[in-house]
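*Asks:*
In the numbering used here, the protein residues as written are 59 to 392.
#1: Counting only the same chain and skipping the five closest in sequence on each side, list residues whose C-beta sits under 6 angstroms from that of residue 206.
#2: Excluding the five sequence neighbours on either side, which residues of its own chain have a C-beta within less than 6 angstroms of the C-beta of residue 292, listed in chain order?
#3: Tell me residue 128's beta-bridge partners as DSSP assigns them.
#4: Alpha carbon to alpha carbon, how far is residue 80 from residue 177? Give it in angstroms, no decimals.
#5: Please name the residue, chosen from 387, 325, 377, that lies closest to residue 112 on a Cα-to-Cα basis.
#6: Taking 8 angstroms as the cut-off, decide whether the C-beta atoms of residue 191 and residue 127 are in contact.
#7: If I'm right that residue 172 touches residue 380 with Cβ under 8 angstroms, what's the distance once you round it to whole angstroms?
#8: DSSP on residue 264, reduced to helix/strand/coil?
#9: Would you kindly work out how many angstroms separate the C-alpha atoms of residue 64 and residue 312, rounded to a whole number?
#10: Could you compute how far the alpha carbon of residue 232 sits from the alpha carbon of residue 109?
#11: For the region 250-267 against the region 127-146, are there 3 or more C-beta pairs whose distance is under 8 angstroms?
#12: Got a sec? Which residues, its chain only, sit under 6 angstroms from residue 376 by beta carbon, not counting five neighbours each side?
#13: Quick one: complete alpha helix (DSSP H) runs, 4+ long, within the region 197-232?
#14: For residue 68, name the three-state secondary structure that DSSP assigns.
#15: Does DSSP put residue 374 in a helix, in a strand, or in coil?
#16: In chain order, what residues of the same chain have a beta carbon less than 8 angstroms from the beta carbon of residue 116, not counting five sequence neighbours either side?
#17: Tell me the DSSP secondary structure of residue 394 in three-state form.
#18: Look up residue 161 in the DSSP assignment and say whether it is helix, strand or coil.
#19: If you run the structure through DSSP and keep just helix, strand and coil, what is residue 329?
#20: Please report the straight-line C-alpha distance between residue 254 and residue 219, rounded to a whole angstrom.
#21: Locate the alpha helix (DSSP H) running through residue 146, then write down its first and last residues.
#22: In three-state terms, what does DSSP make of residue 79?
#23: For residue 275, which three-state DSSP category applies?
#24: Of the choices 386, 341, 384, whose alpha-carbon is the least far from that of residue 89?
#25: Is the beta carbon of residue 236 sitting closer than 8 angstroms to the one on residue 322?
#26: Can you round the beta-carbon distance between residue 244 and residue 367 to whole angstroms, since I take them to be within the 8 angstroms contact cut?
#27: By Cβ distance, which residues of its chain are closer than 8 angstroms to residue 214, with the 5 residues on each side in sequence left out?
#28: May I ask you to report which of helix, strand or coil DSSP gives residue 117?
#29: Tell me whether the beta-carbon of residue 315 lies closer than 8 angstroms to the beta-carbon of residue 203.
#30: Could you check the C-alpha separation between residue 383 and residue 92 for me, to the nearest Å?
#31: So residue 352 is in the alpha helix (DSSP H); what residue range does that whole segment cover?
Below is the structure:
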């Protein structure tokens with residue numbers, strides 16, 4: 059039965075990775091698509107290539123997910139499977155409604171819920187949860203807004219004598235670079251979450267053996283996750299792209315470049331320190347900060363309310379959903 063559970067975990071992990079790719083591709087390419095700097099086809103190919111590249115550049119976030127938040131000694135394949143099913147369902151629900159919610163928090167919420175039912179509170183490392191999930195969850199939107207606002211103010215100050223049409227023409231190429239950095243940083247942070255989960259499953263299922271105190275990601279896991287997320291990005295999550303690219307504020311090359319540079323710098327920094335950040339939170343609030351710097355009151359508050367609601371509900375809803383799913387599947391032998 060263990061081998062069937064392991065296969066199910068791997069299928070749902072790669073499904074999550076694929077859905078994460080098209081669900082969160084808006085983080086990378088919404089700005090260049092909405093400003094028509096790149097065509098949708100060019101944008102998804104460009105974004106997918108850099109997403110896959112970013113996924114291969116580090117492992118710190120994977121270690122946090124795979125061996126940091128939940129005690130690896132109490133983890134089971136059922137716990138992992140329930141977390142993945144929860145994250146997939148939540149991502150599909152929010153994608154259907156065009157809400158840029160956090161895939162990271164959906165997965166973490168799923169892990170917390172199923173692990174709690176399985177082994178109680180002792181299995182959760184609350185210090186790592188607080189330091190690398192809870193505090194960044196509340197801090198990242200504020201940092202994203204502040205950075206977006208600051209970068210946009212600096213650009214406006216430097217180019218205040220130049221006509222808006224000229225600025226936007228010159229920033230078209232800059233925006234392509236900024237969007238590429240965003241795709242690279244998203245791959246570096248988000249694809250690693252699936253790597254961590256798959257490696258945890260392989261260790262739990264006895265397929266690979268880790269020395270005590272170590273958690274290393276096999277190269278084949280990195281390659282599979284990078285390729286799967288790239289495929290998801292190429293499929294495009296157009297509902298969320300529309301929300302990110304035009305419903306919060308109407309982006310132009312200068313504002314798109316500012317928001318992407320601000321957001322990518324935050325996500326890259328978080329990845330270095332192994333923080334599984336919500337790139338969606340950072341990108342959305344960077345766009346808000348940019349919009350506020352350009353013109354106060356330009357942000358469409360009804361859209362922001364929907365996005366914030368999804369942010370707030372993601373972890374608790376996924377914890378509850380995972381509790382229910384685990385209760386149904388707990389009788390599967392392991």
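Idealized CB from N, CA, C, for every residue including glycine. As the structure is a prediction and not an experimental result, all values here were calculated from the model.
*Replies:* Let's see:
#1: For the purposes of this step, residue 206 is taken as the residue at position 148 of the chain shown. Excluding the 5 residues flanking it on each side, residue 206 has same chain C-beta neighbours closer than 6 angstroms at 317, 320, 344, 347, 348, in chain order.
#2: For the purposes of this step, residue 292 is identified with residue 234 of the chain shown, where counting begins at 1. Short of 6 angstroms from the beta carbon of residue 292, and not among the five residues preceding or following it, lie these beta carbons of its own chain, in chain order: 102, 106.
#3: Residue numbering aside, residue 128 sits at position 70 when the chain shown is read from its first letter. Answer is 182, bridged to residue 128.
#4: Residue mapping note: residue 177 aligns to position 119 of the chain shown, counting from 1. Residue mapping note: residue 80 aligns to position 22 of the chain shown, counting from 1. Between the alpha carbons of residue 177 and residue 80 lies a distance of about 33 angstroms.
#5: Position 54 of the chain shown, counted from the first residue, corresponds to residue 112. Nearest neighbour of residue 112 by Cα position, chosen from 387, 325, 377, turns out to be 325.
#6: Sequence index remark: in the chain shown, residue 191 carries index 133 (1-based). Sequence index remark: in the chain shown, residue 127 carries index 69 (1-based). Yes.
#7: Taking the chain shown and counting its residues from 1, one reaches residue 172 at position 114. Taking the chain shown and counting its residues from 1, one reaches residue 380 at position 322. Sure, about 5 angstroms apart at Cβ, within 8 angstroms.
#8: Here residue 264 is taken as the residue at index 206 of the chain shown, counted from 1. In the structure shown, residue 264 sits in coil (DSSP, three-state: anything other than H, G, I, E or B).
#9: Residue mapping note: residue 64 aligns to position 6 of the chain shown, counting from 1. Residue mapping note: residue 312 aligns to position 254 of the chain shown, counting from 1. For residue 64 and residue 312, the distance between alpha carbons rounds to 47 angstroms.
#10: Residue mapping note: residue 232 aligns to position 174 of the chain shown, counting from 1. Residue mapping note: residue 109 aligns to position 51 of the chain shown, counting from 1. Spanning the two alpha carbons is a distance of roughly 19 angstroms.
#11: Because the criterion of three Cβ pairs below 8 angstroms is met, the region 250-267 and the region 127-146 touch.
#12: Within the chain shown, residue 376 is the residue found at index 318, counting from 1. The answer, listed in chain order, is 144, 148, 164, 167, 168.
#13: Runs of the alpha helix (DSSP H) inside the region 197-232: none found.
#14: In the chain shown, the residue the question calls residue 68 occupies position 10. Here DSSP, grouped into helix, strand and coil, assigns residue 68 to helix.
#15: Residue numbering aside, residue 374 sits at position 316 when the chain shown is read from its first letter. Residue state, collapsed to three classes: helix.
#16: Taking the chain shown and counting its residues from 1, the one referred to as residue 116 is at position 58. Non-local C-beta neighbours of residue 116 in its own chain, meaning closer than 8 angstroms and more than five positions away in sequence, comprise 246, 250, 329, 330, ordered along the chain.
#17: Any question about residue 394 goes unanswered here, given that the chain covers just 59 to 392.
#18: To locate residue 161, count along the chain shown from 1; it is residue 103. Correct three-state label for residue 161: helix.
#19: Locating residue 329 in the chain shown gives position 271, counting from the first residue. Residue 329 falls in the helix class under three-state DSSP.
#20: Here residue 254 refers to the residue found at position 196 of the chain shown. Here residue 219 refers to the residue found at position 161 of the chain shown. Roughly 49 angstroms separates the two Cα atoms.
#21: To locate residue 146, count along the chain shown from 1; it is residue 88. 135-154 is the extent of the alpha helix (DSSP H) around residue 146.
#22: Working through the chain shown from its first residue, we reach residue 79 at position 21. Under the three-state reduction of DSSP, residue 79 is assigned to helix.
#23: Sequence index remark: in the chain shown, residue 275 carries index 217 (1-based). Residue 275: coil per DSSP, three-state reduction.
#24: Residue numbering aside, residue 89 sits at position 31 when the chain shown is read from its first letter. For the residues 386, 341, 384, the minimum Cα distance to residue 89 belongs to 341.
#25: The residue labelled residue 236 in the question sits at position 178 within the chain shown. The residue labelled residue 322 in the question sits at position 264 within the chain shown. Judged by their CB atoms, residue 236 and residue 322 are nearer to each other than the 8 angstroms cut-off.
#26: For the purposes of this step, residue 244 is taken as the residue at position 186 of the chain shown. For the purposes of this step, residue 367 is taken as the residue at position 309 of the chain shown. In this structure residue 244 is not in contact with residue 367, their Cβ atoms being roughly 23 angstroms apart against a cut-off of 8 angstroms.
#27: To locate residue 214, count along the chain shown from 1; it is residue 156. Exclusion of the five residues before and after residue 214 leaves 351, 352 as the residues of its chain whose Cβ lies within less than 8 angstroms of its Cβ.
#28: Reading the chain shown from its first residue, position 59 is the one you call residue 117. Secondary structure at residue 117: coil, using DSSP grouped into helix, strand and coil.
#29: As a working mapping, residue 315 is identified with position 257 in the chain shown. As a working mapping, residue 203 is identified with position 145 in the chain shown. No, these two residues do not count as a Cβ contact at 8 angstroms.
#30: Counting from 1 along the chain shown, the entry for residue 383 is found at position 325. Counting from 1 along the chain shown, the entry for residue 92 is found at position 34. Linking residue 383 to residue 92 through their CA atoms gives a straight-line distance of about 38 angstroms.
#31: Here residue 352 refers to the residue found at position 294 of the chain shown. From DSSP, the alpha helix (DSSP H) with residue 352 extends over 337-352.
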